[in-house]
Every structure is written in structure tokens, then in C-alpha cells.
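S.K.:
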Amino acid sequence: IAELHIYTSSFVSHILPLSLSFFLALLFSRYRLFEECLARLEKAEGGFDQFTRSYQSYGVHRRSDSTLLLKEWAPGAQALYLTGDFNAWEKLSHPFTPKAFGKWELSLPPKPDGSPAIQHLSKLKCQHRRPPQPRCPRIYEAHVGIASPREEIASYKNFILDVLPRVKDLGYNCLQLMAVMEHAYYASFGYQVTNFFAASSRFGTPDDLKALVDRAHSLGIIVLLDMVHSHASSNTEDGLNYFDGTDSCFFHAGPRGEHSHWGSRLFNYSSWEVSRFLLSNLRWWMDEYGFDGFRFDGVTSMLYHHHGVGVSFSGSYCEYFGMQVDEDAVVHLMLSNYILHKLYPDCITIAEDVSGMPGLCRPIQEGGLGFDYRLAMAVPDKWIQKKSLGWGRSGNPLVLWCHLYSLAFWLMDKEMYTNMSALITMTPVIDRGMQLHKLIRLLTHSLGGEGYLNFMGNEFGHPEWLDFPRKGNEESYRYARRQYNLVDTEHLRYRQLYAFDRDMNQTEDKYGWLSSGPAVVSTLDQADKVIVFERAKLLFIFNFHPSASFSHYRVAVQHAGKYKIQLNSDEVRYGGHGRIQSDTEFFTEPMAFRNQLHSFLVIRIAIEVKHTNIQN
Numbered sequence: 001i002a003e004l005h006i007y008t009s010s011f012v013s014h015i016l017p018l019s020l021s022f023f024l025a026l027l028f029s030r031y032r033l034f035e036e037c038l039a040r041l042e043k044a045e046g047g048f049d050q051f052t053r054s055y056q057s058y059g060v061h062r063r064s065d066s067t068l069l070l071k072e073w074a075p076g077a078q079a080l081y082l083t084g085d086f087n088a089w090e091k092l093s094h095p096f097t098p099k100a101f102g103k104w105e106l107s108l109p110p111k112p113d114g115s116p117a118i119q120h121l122s123k124l125k126c127q128h129r130r131p132p133q134p135r136c137p138r139i140y141e142a143h144v145g146i147a148s149p150r151e152e153i154a155s156y157k158n159f160i161l162d163v164l165p166r167v168k169d170l171g172y173n174c175l176q177l178m179a180v181m182e183h184a185y186y187a188s189f190g191y192q193v194t195n196f197f198a199a200s201s202r203f204g205t206p207d208d209l210k211a212l213v214d215r216a217h218s219l220g221i222i223v224l225l226d227m228v229h230s231h232a233s234s235n236t237e238d239g240l241n242y243f244d245g246t247d248s249c250f251f252h253a254g255p256r257g258e259h260s261h262w263g264s265r266l267f268n269y270s271s272w273e274v275s276r277f278l279l280s281n282l283r284w285w286m287d288e289y290g291f292d293g294f295r296f297d298g299v300t301s302m303l304y305h306h307h308g309v310g311v312s313f314s315g316s317y318c319e320y321f322g323m324q325v326d327e328d329a330v331v332h333l334m335l336s337n338y339i340l341h342k343l344y345p346d347c348i349t350i351a352e353d354v355s356g357m358p359g360l361c362r363p364i365q366e367g368g369l370g371f372d373y374r375l376a377m378a379v380p381d382k383w384i385q386k387k388s389l390g391w392g393r394s395g396n397p398l399v400l401w402c403h404l405y406s407l408a409f410w411l412m413d414k415e416m417y418t419n420m421s422a423l424i425t426m427t428p429v430i431d432r433g434m435q436l437h438k439l440i441r442l443l444t445h446s447l448g449g450e451g452y453l454n455f456m457g458n459e460f461g462h463p464e465w466l467d468f469p470r471k472g473n474e475e476s477y478r479y480a481r482r483q484y485n486l487v488d489t490e491h492l493r494y495r496q497l498y499a500f501d502r503d504m505n506q507t508e509d510k511y512g513w514l515s516s517g518p519a520v521v522s523t524l525d526q527a528d529k530v531i532v533f534e535r536a537k538l539l540f541i542f543n544f545h546p547s548a549s550f551s552h553y554r555v556a557v558q559h560a561g562k563y564k565i566q567l568n569s570d571e572v573r574y575g576g577h578g579r580i581q582s583d584t585e586f587f588t589e590p591m592a593f594r595n596q597l598h599s600f601l602v603i604r605i606a607i608e609v610k611h612t613n614i615q616n
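Heads up, the sequence shown is in UniProt numbering, so the first residue is 1 and it goes up one at a time.
Put into C-alpha cells, the structure is as follows:
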């Protein structure tokens with residue numbers, strides 16, 4: 001069924017760090033558990049293909065004669081009844097029939113006119129094929145409900161009209177949608193899921209969501225779903241909690257099934273029917289709505305029995321192997337990735353993991369978990385605390401981002417509300433904030449990872465934090481919105497930050513630094529606050545100094561000749577001062593060890609230059 005590529009201990013010691021090879025037995029054991037799960041699926045269900053099609057038989061389904069067949073799994077229930085508009089909400093008129101293994105079924109005959117007792121309202125068929133997987137993802141992370149400048153809950157239709165064109169214009173090739181899975185508590189940001197097989201109704205109809213995905217595909221943008229399989233809402237009226245009258249239907253019983261910090265329920269990944277539920281859920285979102293992959297939320301919580309609560313990971317391999325690891329959850333994630341990539345070869349999976357689990361993004365056949373990327377969650381905090389260049393464990397392709405929901409507000413504070421007009425002279429606070437905003441985003445984009453993520457609105461320095469309506473803010477929507485109108489106002493400097501973000505993505509698309517090898521840092525000068533590195537045959541030069549400009553600053557380069565500017569953060573159209581003309585050419589001089597480029601660095605500037613032949 002599957003094959004482990006690690007054959008001998010000598011081979012392992014060649015491809016793994018020596019300290020990790022000590023855990024070879026645990027890696028083999030983990031892989032054997034995965035292999036055994038596949039074998040059981042083959043024997044009991046006819047293989048993972050049939051197993052993950054379970055959504056086609058569970059739930060509500062229409063037969064050719066318009067009869068509806070309902071099927072549920074509720075092993076602890078003594079009786080099940082269906083109620084709704086179709087029976088005037090009579091509680092006991094339509095009982096389910098118990099079947100083997102805790103399953104229940106109910107058949108609803110059609111109405112006298114031959115139509116189904118419960119109408120199927122989804123009519124839309126997607127028109128556009130999935131785009132091919134991008135070389136490297138430039139991700140625009142978005143929440144549909146806040147995609148409006150008004151104090152309201154925006155809709156899928158709003159998003160199609162107002163946001164998708166901006167995503168395309170900005171050069172992002174991947175859209176990541178948050179809070180799509182149905183959730184009762186809006187302020188949970190979509191992470192307290194109550195119905196895993198339903199798109200959030202507060203944003204519109206299922207057809208509206210399908211239209212959004214289809215429209216994104218027509219623009220060449222792939223769409224990822226924020227997948228919450230790490231926990232579930234503790235709601236009993238509208239959630240899975242106590243679904244069959246017990247606390248252990250889908251979850252671990254007792255304290256093990258409760259997340260101490262989140263107040264939510266934790267899945268029992270060793271349960272056969274829970275695996276059926278979760279794995280078929282992945283396939284349902286792919287097949288029914290046309291998503292192109294998933295960002296798995298809360299992977300750290302899944303991987304460990306301690307869920308990462310109160311644990312500070314040092315990077316020691318002992319932290320990733322042993323009794324603290326939930327091997328059932330690990331194998332479940334391996335199955336999820338294996339099945340998704342077998343059924344949908346272009347599918348992208350991203351793990352939100354703060355622990356740095358070794359092998360998270362290695363192929364399963366090599367003993368890994370099979371994710372394509374890890375979302376580097378610690379980087380945004382590092383920008384607030386200090387500049388960090390050690391962003392990840394080698395071998396794990398990273399998706400980097402540089403701030404959570406408003407770095408600009410951290411940089412410019414209240415002056416963002418009063419001094420962002422281009423009709424007045426920039427104040428020192430706005431000047432500093434504008435320049436650092438561009439430098440931080442470009443440095444994160446170009447130096448660290450194999451993918452890049454931006455949260456909606458941050459591309460233009462959205463001036464407010466994010467706070468959903470709740471009791472603590474008197475249910476206000478004031479900070480649960482994104483004011484795209486600021487970009488559309490010509491005299492505001494938000495347009496300049498937007499323009500830089502667009503051109504940064506376009507430059508990456510042209511030269512492909514995200515898909516190139518790691519950057520080679522040649523200068524990291526703490527005193528001068530200058531960072532220089534080469535990647536994708538481009539030379540990136542950053543001066544973070546708040547007051548010192550440098551003339552004839554020597555930079556080591558590999559190739560002699562002429563260098564031309566490709567991107568210049570100091571251009572006036574980006575909110576810069578135009579102190580370095582973008583048609584400036586730099587020439588090298590031969591030195592003792594390497595060629596030296598003479599550059600002029602003004603304060604708080606970033607430039608990208610490319611080597612060209614002298615005759616050019």
C-alpha cells in the first residue's frame with residue numbers, strides 16, 4: 001500500500017541529523033501505525049477512496065424517486081427523531097431505525113406532488129477548472145465577514161465584488177478563507193465549529209460560496225479553506241457535543257476530551273467513525289465546493305497530549321518523541337495528507353504548528369507527516385520583539401508572514417487617523433512607520449521562506465486592530481471590518497503602501513525568489529543596521545538605520561559587472577522620498593576576496609538589484 005524509503009540505519013544517519021537518528025525506532029513505529037490503518041481501510045471499507053466517500057451516504061441524500069434517506073452515527077443514543085418544517089416540528093413523528101455499529105437510518109417519502117419532503121436549494125454548478133498549483137504560494141488570508149468598510153457582516157457576494165479584484169490586482173495567487181465552517185459564536189473567528197458539513201450561513205448561501213470559489217478560479221487564484229479538525233465547539237444544542245447523549249461520541253471522554261484553554265471538545269482520533277467523519281469531511285469540501293487545499297488549524301494542539309499549553313519548545317528532539325506525543329493524532333494527520341495528495345495531486349496542505357515538529361513537511365514515505373508547508377507562527381511576534389533571522393528548521397518549507405492584524409498600527413499608532421494625507425508633510429512618526437512597513441514586509445517576503453501570507457488589509461497598512469462583536473465591546477462591529485475605501489481615496493498614503501505590496505508580488509512573480517534556494521546573507525551589520533543577501537540571482541540591500549545614510553557602501557557580490565534596480569522602496573509613489581533614482585546603475589570593483597558593489601544607502605530603504613552585462 002505504501003513504502004517507507006528508509007531501509008537501513010546507515011541510510012538514516014546519512015539523511016537525518018545524528019541526534020534525530022536516535023529516535024529511528026519511534027519513526028518506524030509511527031509509520032507502521034499509518035501502514036496498518038491503510039490496511040484496515042482496505043480490508044473493512046474497500047480502501048481509502050470508498051471510506052472518504054462516506055459523506056455520500058451519511059447525512060441527507062435524495063434517491064431517484066425523490067425519497068430522502070438519512071443516516072447518522074450515534075452509538076450512545078437510545079432513540080433518534082427528525083423534526084423540521086416538513087412535519088410542523090413534531091418531535092416524535094419521524095423516528096430513526098437503529099442499525100448495527102451505532103448507526104441510525106430514516107427514510108422520508110416524497111410529497112404527494114412527487115417532490116422531496118425537504119428541498120435541495122443548491123443549484124449552482126462550477127464553470128471553471130481548478131488552476132494548477134502555483135510555483136510557490138503568495139497567500140491572501142481573508143475573513144468574509146469583515147470584508148466591508150461598513151459596521152456589518154459582509155457576504156460572499158460582497159467579497160466577490162469588492163475583494164477578489166484586489167487580490168488579483170495585488171498579485172496574490174492563493175486565497176485562504178477563514179471562518180467558513182459553520183460556527184454559532186461569531187467572535188470565535190470561526191474556530192468554534194458547530195457544523196463541519198455546512199458553510200457559514202451568516203455570509204450567504206452555499207451557492208454564494210461556490211460562486212466565490214469559482215470566480216477565484218476564473219482569475220487563476222487557488223482557494224484554501226481554514227480547516228479546524230483540532231477541536232470542536234462545546235455547544236450541545238447546535239454542535240457535536242453530546243450528540244448521542246454521551247460526552248464520548250466524537251470526543252475523548254472526561255478531561256482528556258476538553259481543551260483547558262479553549263473550552264472546546266477534543267476529537268478521539270483513534271475512533272474508526274471519527275476518522276470516517278473527519279476524512280470524508282476533507283473530501284466533501286474539496287468535491288462539493290471546489291477548494292484546492294487546506295490550512296490545518298491548531299496542529300500543535302493535535303500533536304501533543306499537553307496541546308502546547310504552558311510548553312516552551314527549545315528545539316530539542318526529545319520534545320517531539322515520547323509519551324507526550326499523541327500518536328493517534330499524528331497518524332490521523334498522516335492519513336489526511338496521504339489521502340488528499342493521492343486523490344488530488346495538486347492539493348496544498350499547510351500546518352499551523354508552533355512547535356517545529358521534525359518531519360512535519362517531509363513525505364510520509366520518508367517518515368514525515370506529509371504537509372506541503374508549515375505556517376511560521378512565531379515570525380510576527382519576532383518583528384515586535386526583535387529582528388530574527390533564525391526562522392525555521394531546515395527541511396520544512398515555510399509560509400512566512402510578518403504581522404498579525406495590524407503592524408501599521410503598532411508602528412504609527414494614533415497618527416494613522418490624522419496624518420496619512422499626502423497633501424500634508426509626513427510627520428516623523430508616519431515617515432518612520434511607512435518606511436519600516438515596507439522594509440519589514442519585503443524582508444519577510446524575500447529572505448525566509450518558500451511561501452508568503454498577508455492578512456487582508458495589511459497590504460495597505462489598515463489602521464485598526466481586529467475585534468469582533470462581543471459583550472466586552474458592547475457587541476460593536478467598529479473593529480470587525482476592513483476599510484478598503486482608504487485605498488480608493490487618492491490623497492491618502494494607504495494607496496502608496498498598496499502599490500508597493502502589488503509591485504513586490506509582481507517582482508517575486510518575475511524572478512521567483514520564493515521557489516529558489518535559501519538566501520545567502522553576506523552582510524549583517526548590527527552597528528550600521530544593514531542587511532544584504534542574495535537570492536534568485538537578485539541582491540537585496542536593506543538599511544534599517546533611523547538616521548545614518550551611507551555613500552559608497554561596499555557590498556560583496558558574486559558576479560562582477562553592472563547592477564540595475566528592480567524594486568526601490570524609496571520611490572515617491574510608494575511613500576518614499578525619491579532619494580535614489582530607480583534608473584541608477586551600480587558597478588563593481590574587483591577586491592581581494594570578492595567583487596565589491598558601491599551603493600548609496602539612505603536611511604530606512606530597501607532596494608533589489610539585478611546583475612546585468614556591461615553592454616546592457
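Backbone N, C-alpha and C define an ideal beta-carbon position, used for all residues, glycine too.
1. Please report the Cβ distance between R295 and I350, rounded to the nearest whole angstrom; I am assuming they are in contact, meaning their Cβ atoms lie under 8 Å.
2. Can you tell me whether H437 is helix, strand or coil according to DSSP?
3. If you reduce the DSSP assignment to three classes, tell me which class F455 lands in.
4. Nearest to N87 by CA position, among L108, A77, Y417, K123, is which residue?
5. Please report the residue range of the beta strand (DSSP E) in which L225 lies.
6. Would you give the residue range spanned by the alpha helix (DSSP H) that P165 belongs to?
7. Using the Cα positions of S599 and R554, report the straight-line distance between them to the nearest angstrom.
8. Please report the straight-line C-alpha distance between E475 and M412, rounded to a whole angstrom.
9. Based on DSSP bridge pairs, tell me the residues matched to P363.
10. Look at V520 and F540 and say whether their C-beta atoms are less than 7 Å apart.
11. Could you name the residues of the same chain whose beta carbon sits closer than 7 Å to that of A329, not counting the 5 residues immediately before and after it, in chain order?
12. Going by the DSSP bridge assignment, what does G293 pair with across the sheet?
13. Quick one, are the C-beta atoms of E352 and V299 less than 7 Å apart?
14. Run through DSSP, which three-state label would R393 get?
15. Please report the straight-line C-alpha distance between D49 and E182, rounded to a whole angstrom.
16. Round the Cβ separation of L497 and I139 to the nearest angstrom and send it over; I've been treating them as touching at under 8 Å.
17. Between which two residues does the alpha helix (DSSP H) holding P206 run?
18. Which whole-angstrom value describes the C-beta separation of G239 and S233, a residue pair presumed to lie in contact below a C-beta threshold of 8 Å?
19. Hey, quick one: how far does the alpha helix (DSSP H) through H332 stretch, first residue to last?
20. Would you list the residues sitting across from G59 in a DSSP beta bridge?
21. Could you spell out the range, first to last residue, of the alpha helix (DSSP H) harbouring R604?
22. Please list, in chain order, all residues of the same chain as H306 whose beta carbon is under 7 Å from its beta carbon, the five residues on each side excluded.
23. Extract the residue ranges of the beta strand (DSSP E) inside the stretch 508-559, only unbroken runs of 3 or more that lie entirely within it.
24. Which residues mark the beginning and the end of the beta strand (DSSP E) in which K103 is found?
25. What's the gap between the Cα of A560 and the Cα of L597?
26. Can you tell me which of the three DSSP states Y317 falls into?
27. Quick one, are the C-beta atoms of R493 and G575 less than 7 Å apart?
28. My understanding is that Q192 touches D226, with C-beta atoms under 8 Å, so please give their C-beta distance in whole angstroms.
29. If we ignore side chains and look at the alpha-carbon of each, how far apart do E42 and G370 end up?
30. Suppose the cutoff is 6 Å on Cβ atoms and the five residues either side in sequence are ignored; what does the same chain contact list for K562 look like?
31. Given 8 Å as the limit, is there contact between the stretch 154-163 and the stretch 199-211, that is, 3 or more CB pairs closer than that?
32. Taking only three categories from DSSP, how would you classify V399?
33. Which residues share a DSSP beta bridge with I565?
34. Extract the residue ranges of the beta strand (DSSP E) inside the stretch 111-181, only unbroken runs of 3 or more that lie entirely within it.
35. Is the number of C-beta pairs between the stretch 123-137 and the stretch 98-107 that are closer than 8 Å three or more?
36. In the DSSP assignment, the beta strand (DSSP E) including L82 goes from what residue to what residue?
M.R.: Taking the structure as given:
1. 4 Å
2. helix
3. strand
4. L108
5. 222-227
6. 164-170
7. 6 Å
8. 27 Å
9. Answer is none; P363 lacks a bridge partner.
10. no
11. Y269, M302, L303
12. L224, I348
13. yes
14. With a pLDDT of only 45 at R393, under the threshold of 50, the placement of this residue in the model should not be trusted; the figure read from the coordinates follows. The answer is coil: DSSP assigns R393 none of H, G, I, E or B.
15. 26 Å
16. The pair is not a contact, with the Cβ atoms about 18 Å apart (cut-off 8 Å).
17. 206-218
18. 4 Å
19. 327-343
20. K71
21. Counting along the chain, R604 falls outside any alpha helix (DSSP H), and DSSP gives it neither H nor E.
22. Q324
23. 520-525, 530-535, 538-543, 550-557
24. 103-108
25. 8 Å
26. helix
27. yes
28. Going by Cβ atoms, the distance from Q192 to D226 rounds to 13 Å, so no, they are not a contact pair.
29. 20 Å
30. E585, F587, T612, I614
31. yes
32. strand
33. V609
34. 138-143, 174-178
35. no
36. No beta strand (DSSP E) holds L82; DSSP gives it neither H nor E.
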